[in-house]
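As given, the protein sequences belong to chains S and L, one line each in that order. If you're matching positions, the first sequence starts at 1 in our numbering and goes up one per residue. If you're matching positions, the second sequence starts at 1 in our numbering and goes up one per residue. Think of the CB as a built atom: it goes at the ideal place given N, C-alpha and C, for glycine as much as any other residue. Heads up, the thing below is written out as structure tokens.
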Amino acid sequence: MVEPRKLFNTEVKVVNVGLRIFYEDLKKQGVKVVHVNYQPRPKLEKELESKLSELL
Amino acid sequence: MGYVKTVVEKNLVRDSLVLMKISEDLKKIPGVEEALVAMGTETNKKLAMDLGVFTPDVEKASEGDLFIAIRASSQEALEKAIAAAREMLSKPAGAGEAEFYDVDMALAALPDANLALISVPGEYAKEVAMKFLERGIHVHVFSDHVPKEDEVEMKKYAFERGLLVLGPGAGTSIINGVAIAFANAVRRGPIGIVASAGTGLQEVSSLIHNLGSGVSQGLGVGGGDVKNYVGGLMMKLGLKLLDRDEETKVLTIVAKPPEKETLESILQYVEKETRKPIVFGFMGKFTLSLPKGLVGRASAARSLHATALEAVRLVDEELYERGKEKLTIQYEKLLSMLQPYWEELSPKQKYIRGLFTGGTLTSEALTLLDELKIELYSNAPLPGQKQLPDPFRSVGNTIVDLGEEEFTAGRAHPMIDPTIRRLRLIEEAKDPEVAVVLMDFVLGYGSHVDPVGAHLPAIKEAQKIAEADGRKLVIIGYVLGVSGDPQGYESQIEKLRSVGAIVPPTNAVGVLSAAVVASRGQISRDIVDKFYKEYFEAYIKAR
């Protein structure tokens with residue numbers, strides 16, 4: 001089992017996924033942060049995927 | 001009225017924050033009187049009507065369409081604004097900045113990340129969160145509308161592994177002094193908070209700061225956590241981690257009262273797994289009965305005001321004594337401060353209109369006014385209170401939560417976008433029976449850059465409308481924040497005072513002040529005494 005990473009009383013390093021404003025606010029606070037511009041997969045693809053996983 | 005032109009872009013979707021920014025920028029073009037670039041939701045169509053830019057094309061727009069609606073003093077300005085809007089819409093946000101399109105790539109760039117902040121549409125939140133949890137990375141899920149079964153699955157997985165899932169639907173956390181999403185620049189200190197109420201965490205942590213103490217960690221676990229389907233998993237884990245944390249001396253909970261089964265299991269867990277003093281801040285009319293093992297170690301409070309004070313009392317009696325004077329304004333003093341305001345009211349002015357942006361601040365207002373025996377309407381009423389028939393129109397005493405769905409569909413939250421509240425304030429000013437308008441201004445990261453400044457022209461206009469009718473409108477503006485907040489706490493307060501507004505030290509004192517002004521100081525002494533005892537201090541006190 002993967003150990004939980006230390007969070008309290010150490011440097012916070014953040015991956016921001018979604019709203020860009022949060023990335024900018026973290027940067028303003030001097031936090032190490034990277035931003036993921038998240039695009040949900042198209043619906044059809046997801047349905048196809050579940051059909052496929054049923055078949056395979 | 002000028003020239004109006006609207007353009008509908010079919011099947012074009014943009015984030016509400018981006019659209020708000022575009023609308024603001026368009027208004028700066030000379031000759032442009034009003035600009036609204038928004039998704040075609042009912043809320044936005046109503047807003048277009050109120051702003052005088054509604055057309056049959058806008059009416060036809062669907063929720064997946066975007067509309068540009070401009071009103072300008074000349075045809076030329078109109079065309080210029082439409083062209084500018086189209087250009088701004090064609091540019092991707094934050095172009096030129098390094099960003100990733102994939103979690104794995106982002107983690108390759110920041111391999112020792114220890115927290116993910118997730119604000120994707122709710123139905124995708126679990127998929128994204130699991131990628132981090134599987135790697136031992138804690139997550140804060142800001143997203144709303146996460147399916148319950150997804151929340152349970154994430155939290156069970158995380159709980160077993162000692163990982164935090166903050167949220168879903170959590171607006172606020174403070175980790176090692178860093179503001180995550182909507183949070184204030186609160187000093188670090190000995191009080192550890194676990195909260196299922198987002199603005200509640202902002203209010204309690206800011207008050208703790210303003211009392212001179214500080215917060216070790218503030219963990220927002222989301223409203224669903226204390227319901228039976230989750231059973232308080234993250235509240236429990238959060239408390240356990242804070243109990244083991246050397247920096248934390250006192251544990252504090254800020255939440256709505258949990259469902260019965262969950263409450264019992266949280267109490268058992270706290271009794272068994274923690275050793276530090278604890279404040280149970282379960283908001284509202286609720287009386288906690290402590291298990292034997294917690295008597296003497298635990299306190300309980302019913303308001304955000306009392307929860308913050310009690311947490312500070314448990315770490316530093318001296319700070320508490322000093323802070324109590326500042327926060328809990330003695331009733332006689334409050335009466336003499338407020339008398340000049342109610343003396344200027346005309347006999348017809350009797351109602352309170354609360355226009356809130358913070359959910360927990362709204363429910364605190366509802367509880368407190370109920371306790372003061374004031375009948376009211378709300379779009380988010382407590383049991384026994386009346387539902388506002390039309391959330392867009394106040395009647396009698398009204399407390400409205402502008403962060404509710406009907407005001408935010410396809411729009412940014414009112415803590416970021418002041419448009420809807422500005423219009424509402426003007427409507428309230430036109431009503432000759434309104435005595436007091438009560439508003440919250442929530443500062444901190446995530447919020448509008450200048451919330452008070454953005455309301456000043458509307459406040460002045462409201463005062464003018466009242467004065468033209470021979471009335472004086474009392475404005476109470478509560479500023480939730482601390483001096484390090486990016487908006488500048490002191491300057492926000494100063495701006496409110498410059499237009500004659502009353503600025504209370506806490507949301508609860510603001511609510512009491514509204515009731516005192518509207519009743520001309522005629523609240524019965526018994527009610528006041530009970531109120532002070534039950535809502536301005538803890539009703540169970542640890543030794």
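The Cβ atoms of LEU51 of chain L and TYR3 of chain L lie no closer than 8 angstroms to each other.
If you ignore the 5 residues before and after MET439 of chain L, its C-beta comes within less than 6 angstroms of the C-beta of LEU355 and GLY477, all in its own chain and listed in chain order.
Along the stretch 3-24 of chain S, going in chain order, the ones with a CB nearer than 9 angstroms to a CB of chain L are GLU3, PRO4, ARG5, LYS6, LEU7, PHE8, ASN9, THR10, GLU11, VAL12, LYS13, VAL14, VAL15, ASN16, VAL17, GLY18, LEU19, ARG20, ILE21, PHE22, TYR23 and GLU24. For the 8 angstroms CB-CB criterion, ALA508 of chain L and TYR535 of chain L form a contact. For LYS32 of chain S, the residues of chain L that pass the 7 angstroms Cβ criterion are LEU110, in the order they occur in the chain. GLU247 of chain L reaches chain S at PHE8 and ASN9, counting residues in chain order whose Cβ is nearer than 8 angstroms.
Residues of chain S with a Cβ closer than 9 angstroms to the Cβ of VAL103 of chain L are, in chain order, VAL15, VAL17, VAL36 and TYR38.
Under the DSSP assignment, ILE420 of chain L falls outside any beta strand (DSSP E), being part of the alpha helix (DSSP H) whose first and last residues are 419-430. For VAL37 of chain L, there are no C-beta contacts with chain S under 9 angstroms, since the nearest C-beta of that chain is about 17 angstroms from it. Under the three-state reduction of DSSP output, GLY477 of chain L falls in the strand class. Taking C-beta atoms under 8 angstroms as the contact rule, ASN114 of chain L and ARG5 of chain S qualify, at a distance of about 4 angstroms. In the assembly as shown, ILE527 of chain L is an exposed residue. Its beta-carbon has fewer than 16 other beta-carbons within 10 Å. The beta carbons of PHE67 of chain L and ALA85 of chain L sit about 10 angstroms from each other, so the pair does not count as a contact at 8 angstroms. Using beta-carbon distances, PRO121 of chain L counts as an interface residue toward chain S, with a partner under 8 angstroms. Counting along the chain, MET49 of chain L sits inside the alpha helix (DSSP H) bounded by residues 42-50. Against ALA113 of chain L, the close residues of chain S are LYS13, VAL14 and VAL15, in the order they occur along the chain (beta-carbon pairs closer than 7 angstroms). The Cβ-Cβ distance between ILE118 of chain L and VAL194 of chain L does not fall below 8 angstroms. The stretch 489-501 of chain L makes contact with the stretch 439-457 of chain L, as at least three CB pairs between them are under 8 angstroms.
Taking all protein chains shown into account, GLU467 of chain L has fewer than 16 neighbouring C-beta atoms within 10 Å of its C-beta and is therefore exposed. Taking 3 residues as the minimum length, the beta strand (DSSP E) runs contained wholly in the stretch 212-284 of chain L are 215-220, 250-255 and 278-282, in order along the chain. Under the 8 angstroms criterion on CB atoms, TYR377 of chain L is classed as non-interfacial with respect to chain S. The C-alpha of GLU247 of chain L lies about 24 angstroms from the C-alpha of THR199 of chain L. A buried status is given to SER216 of chain L, since no fewer than 16 other beta-carbon atoms sit within 10 Å of its beta-carbon. Straight-line measurement puts the Cα of LEU47 of chain L at about 19 angstroms from the Cα of ILE82 of chain L.
For MET88 of chain L, the enclosing alpha helix (DSSP H) has its first and last residue at 75-90. Taking every protein chain shown into account, the CB of GLU203 of chain L has 16 or more other CB atoms within 10 angstroms, so this residue is buried. The C-alpha of ALA429 of chain L is placed about 26 angstroms away from the C-alpha of ILE70 of chain L. Between HIS140 of chain L and SER173 of chain L, the C-beta gap is smaller than 8 angstroms, which places the two residues in contact. Shown here for GLU63 of chain L: same chain residues with a beta carbon closer than 6 angstroms to its own, the five before and five after excluded, namely GLY40 and THR41 in chain order.
Of the candidates L:LYS260, L:GLY232 and L:GLY281, the residue whose Cα lies closest to the Cα of TYR269 of chain L is L:GLY232. In terms of beta-carbon proximity, VAL250 of chain L stays away from the interface with chain S, with every pair separated by 8 angstroms or more. In terms of CA proximity to GLU344 of chain L, L:GLY500 leads the group L:GLY500, L:LEU425, L:ASP15 and L:ALA538.
Distance from GLY171 of chain L to PHE142 of chain L at the Cβ level is roughly 7 angstroms; contact confirmed, criterion being Cβ atoms closer than 8 angstroms. As DSSP reads the structure, ASP401 of chain L sits in a beta bridge with L:PHE356.
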